[in-house]
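Input: a single structure, listed below in structure tokens.
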């Protein structure tokens, strides 16, 4: 079929642009390719720059370990090799630090692997700041004798400054993975070990310092010929200014603890401490404690004697003899503590055990020198309800007690007030 006159020319002109495009599309495509190529070159240049800077730091670190550090510390340092990873940083394999003066005296520290990632922005300014330092499978062996620790000489590595370590700390994150910490205290003759431990310490601020820390591990120790063992963990956040610690918030847990035949299923504690370096009335402290399933066998004579002595006052108020106690079993113990505006209080105190069931609140106002407390206790078939309100010198105690018991209880309240108040001010 022959097209009408001029139709063929129109069809040819409509097919002139590239398929799927429009006039000028080829120019834009070439421009996009140029931009992509430039961007790729910039990325490659940046990666190369980072590589060079990290390699320079790796070389610097190798030289320091091989010469300056060992001479400065008066210890020997050895390692298998140092390598560089663009993603991780500097990797040191099988590094060890001896005791003074050499490995003939033993090892102070070893780690299967140490990973150091410097902060690039700091390197550009010729400053040493670490984004992260990790120790994998490290072993620390700390010794104390006559009040001196064998790592004091290592503090020579820290920058010379009158400011505290919390200000000069130059690591954003410090991590210990599967660590073992062996501590021997020659003065007291006590040794303890943390096994399978993990620590993560984060530092957020260069002015003063904001820190968070998480730790977990297995504690083992021999005390008075008996094995102490417990899984322990804690989480905490601390805020410092140039003057020192200003606030602290944290929690602590111990699980499946045992000391000889004494066992404790669980212990939980947490605290919040604010305005720690402020005046007394500005301080704001609070803490909570809870323990479950404590068992002390009757063969532990010292614990049994201490408990019997503590029950004497309750038994005297009730007019009953102190009950005979053999095994000590505590199903639950809990208490909440607070200190605010010079007032110290213990609230929601509860003790459920095979020797006493106790519920109490105890509050002291140290500025006003007054007390406000209540107590309910049940020892076997005998019960007691007691309250003390008013000035510490002569509180109103109900129900009325004999002069002797009234004096003993008043003296006990005064001693507790002084103990708590003095401890907080230390």
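Residue numbers (this note's numbering): 345 to 770. In this text, a Cβ means the ideal position worked out from N, Cα and C, and glycines have one as well. Since we're looking at a predicted model, the values are computed, not measured.
According to DSSP, simplified to helix, strand and coil, what is residue i?
i	result
residue 516	coil
residue 755	helix
residue 744	coil
residue 452	strand
residue 365	Per-residue confidence for residue 365 stands at a pLDDT of 49, beneath the threshold of 50, marking its modelled position as unreliable; the derived number appears in the next sentence. In this structure, residue 365 counts as coil in the three-state DSSP scheme.
residue 373	helix
residue 463	coil
residue 447	helix
residue 539	strand
residue 509	helix
residue 736	coil
residue 521	strand
residue 420	coil
residue 761	helix
Considering just the uninterrupted stretch of the beta strand (DSSP E) at residue i, what are its terminal residues?
i	result
residue 496	Per DSSP, residue 496 belongs to no beta strand (DSSP E) and is neither H nor E.
residue 596	588–603
residue 548	Looking at the DSSP string, residue 548 is not in any beta strand (DSSP E), and its letter there is neither H nor E.
residue 555	553–567
residue 700	No beta strand (DSSP E) contains residue 700, which DSSP labels as neither H nor E.
residue 720	714–723
residue 437	433–442
residue 785	With the chain covering only 345 through 770, there is no way to say anything about residue 785.
residue 425	425–429
residue 574	570–585
Assign residue i to one of two classes, buried (16 or more other C-beta atoms within 10 Å of its C-beta) or exposed (fewer than that).
i	result
residue 430	exposed
residue 670	exposed
residue 291	Absent from the model: residue 291. The displayed extent of the chain is 345 to 770, so no value can be given.
residue 586	exposed
residue 710	buried
residue 605	exposed
residue 548	exposed
residue 489	exposed
residue 648	buried
residue 390	Below a pLDDT of 50, predicted positions are generally treated as unreliable, and residue 390, at 46, falls in that range; the measurement from the model is reported next regardless. The residue in question, residue 390, is exposed, as its Cβ has fewer than 16 Cβ neighbours within 10 Å.
residue 608	buried
residue 458	buried
residue 721	buried
residue 761	buried
residue 717	buried
residue 588	exposed
residue 553	buried
residue 743	exposed
residue 735	exposed
residue 461	buried
residue 763	exposed
residue 638	buried
residue 756	exposed
residue 737	exposed
residue 442	buried
Can you tell me the Cβ-Cβ gap for residue i and residue j, rounded? I've got them flagged as a contact below 8 Å.
i	j	result
residue 419	residue 445	7 Å
residue 534	residue 567	7 Å
residue 582	residue 592	5 Å
residue 726	residue 653	Not quite, the Cβ-Cβ distance comes to about 18 Å (not below 8 Å), so this is no contact.
residue 438	residue 424	4 Å
residue 659	residue 723	7 Å
residue 684	residue 628	5 Å
residue 435	residue 456	That pair is no contact at about 11 Å.
residue 595	residue 613	7 Å
residue 540	residue 562	5 Å
residue 656	residue 666	6 Å
residue 753	residue 732	7 Å
residue 598	residue 576	5 Å
residue 620	residue 590	6 Å
residue 676	residue 705	Actually they do not touch by this definition, with Cβ atoms about 17 Å apart.
residue 483	residue 518	At roughly 16 Å, the Cβ-Cβ gap does not stay under 8 Å, so residue 483 and residue 518 are not in contact.
residue 693	residue 707	Not confirmed; about 11 Å, so no contact.
Relative to the ligand ADP, is the shortest distance from any of its heavy atoms to the C-beta of residue i smaller than 7 Å?
i	result
residue 509	Inclusion of the ligand ADP in the displayed structure is not the case, the ligand content being empty and no account of it being possible.
Quick check for students: name the residue ranges of the beta strand (DSSP E) that lie wholly in the segment 613–689, counting only runs of 3 or more.
Those beta strand (DSSP E) runs which fall completely within the segment 613–689 and span 3+ residues are 628–640 and 672–684.
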